[in-house]
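Report on the structure given below.
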DNA sequence: AGTTGCACCTGGCTGC
DNA sequence: TGCAGCCAGGTGCAAC
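In our numbering, the protein residues as written are 13 to 303.
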C-alpha cells in the first residue's frame, strides 16, 4: 500500500492517539512478519510511554520514554486502525467493516484506545532499537534523501544520478538515493516533469556534475506530487485507508498511474498513456510528452 | 560498485 | 461455479 504520502497520512492519524499515551499491553499474534519480531517485543514495550511519532522515508518511528524507538514499516499491505476506547466510539463515515483475519499486533493504550496492525501479505515489519543506534541500523544507514526535506533539489539529484546508466524509473525507486518514492509517485513525478521513465538517470547531470534543466524540473515535481498527495490524505487503492477508516483521495488526481490507454492529461498533448514493465514493475507514461 | 532479477506472501480480479 | 494465471502500493539479497 504505502509510499511516503500514505505513511505520512498514517503518522498524522496515529500521532494524536499515541503521543503522550502509555502502552498498557502489546499483543503480538505471530512470531514474525517479514522478519522475526525482536526478542521480548511485547515485554519491552509494555509500560512505555510514547514520546513522539516521526517518519523517515516509509518508516514510522515511535520514540519511547526508555530511549528506545519502535520502528514500523507497512510493506505492501500493512495498515493501522484505531479503535477508540472513549464513549464516542464512532468510526469515520464509510469506514470498512473490520477484517480481523490478519491482525498481527494490537497495542492497548492507557487512554483506552487500541491500535491494530493488519497486514495480509506480511511484508511489513517492526523493530525495537536504541534511539542513538537508529542511524546505524542496517535498514536506515543507507537511506537516501528525504524528498520533502530541504536537501532535495536539482543539484542533489544531479549529484546522485551522475554517471548512472540505469533508468530514471529505477533510480527514483532506489531508496538509497531518494527515500520515499514508490511505484505510483515515480510515474506521477516523471509525467509532471515531462521526462521519460526510460531516460538514463545520468543524463540529468552535465559532464562536470552540474544539474541540467531537467534535474531542476524533476526535483520540483517530486516535491509537488508528494506534497499534494499528503494534503489529500494519500491514495486509496484496494484496501488502503487512513487510520480512522476514511479514504484518501489522491488517486483521483493520478495523471498516468493505472490509466493505461487513457488520454494524456498534458494540455494539447493528445498522447495515450502506455504501460510498460521496468524492473518487474509497471510504469505508466506518455511517450509523446515525456522525453 | 552498479545493475538486474528473484524471493517473500495473500488476495482480488480476469478469462476460460 | 471453479480454477488457473496474473497482478498488486516494497525491498533485501544473490548473482552478474
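Cβ coordinates follow ideal geometry from the N, Cα and C atoms, glycine included. Fair warning: this is a prediction, and the values are worked out from it, not measured in the lab.
Under DSSP, residue 29 takes part in no beta bridge, so it has no partner. A distance below 7 Å separates the beta carbons of residue 181 and residue 209. No Cβ-Cβ contact shorter than 7 Å links residue 202 with residue 189. Runs of alpha helix (DSSP H) with 4 or more residues, each lying fully within the segment 166 to 211, are found at 166 to 173, 180 to 185, 195 to 205, listed in chain order. The continuous alpha helix (DSSP H) containing residue 55 extends over residues 53 to 57. Counting only residues of its own chain and dropping the five nearest sequence neighbours on each side, residue 58 has a CB closer than 8 Å to the CB of 35, 36, 37, 38. A straight line joining the alpha-carbon of residue 179 with that of residue 168 spans about 17 Å.
If only complete runs of 3 or more residues are kept, the segment 87 to 161 shows the beta strand (DSSP E) at 91 to 95, 115 to 121, 126 to 130, 137 to 142, in order along the chain. Taking the Cα positions, residue 70 is about 5 Å away from residue 192.
About 16 Å separates the Cβ atoms of residue 19 and residue 256, ruling out a contact at the 8 Å cut-off. Annotated three-state conformation of residue 302 is coil, per DSSP.
Taking all protein chains shown into account, residue 129 has 16 or more neighbouring C-beta atoms within 10 Å of its C-beta and is therefore buried. When the Cα atoms are used, residue 296 and residue 133 turn out to be separated by approximately 24 Å. Checking the DSSP bridge columns, you'll see residue 67 partnered with 72.
Per the DSSP secondary-structure output, residue 85 pairs in a beta bridge with 71, 137.
With at least 16 other beta carbons inside 10 angstroms of its own, residue 200 counts as buried. In the three-state scheme derived from DSSP, where H, G and I count as helix and E and B as strand, residue 249 is classed as coil.
For residue 285, no alpha helix (DSSP H) segment is defined; the enclosing uninterrupted segment is the beta strand (DSSP E) at 285 to 290. The three-state secondary structure of residue 50, taken from DSSP, is coil. When only Cα atoms are considered, residue 66 and residue 74 end up about 6 Å apart. For residue 231, the uninterrupted alpha helix (DSSP H) segment begins and ends at 225 to 243.
Here the C-alpha atom of residue 301 lies approximately 9 Å from the C-alpha atom of residue 282. The alpha-carbon of residue 62 is positioned some 44 Å away from that of residue 175. Sorting 137, 234, 76 by C-alpha distance to the C-alpha of residue 32 places 76 at the top. Note on geometry: alpha-carbon atoms of residue 54 and residue 120 lie some 11 Å from one another. Using a 10 angstroms sphere on the CB of residue 303, the tally of other CB atoms stays under 16, which defines it as exposed.
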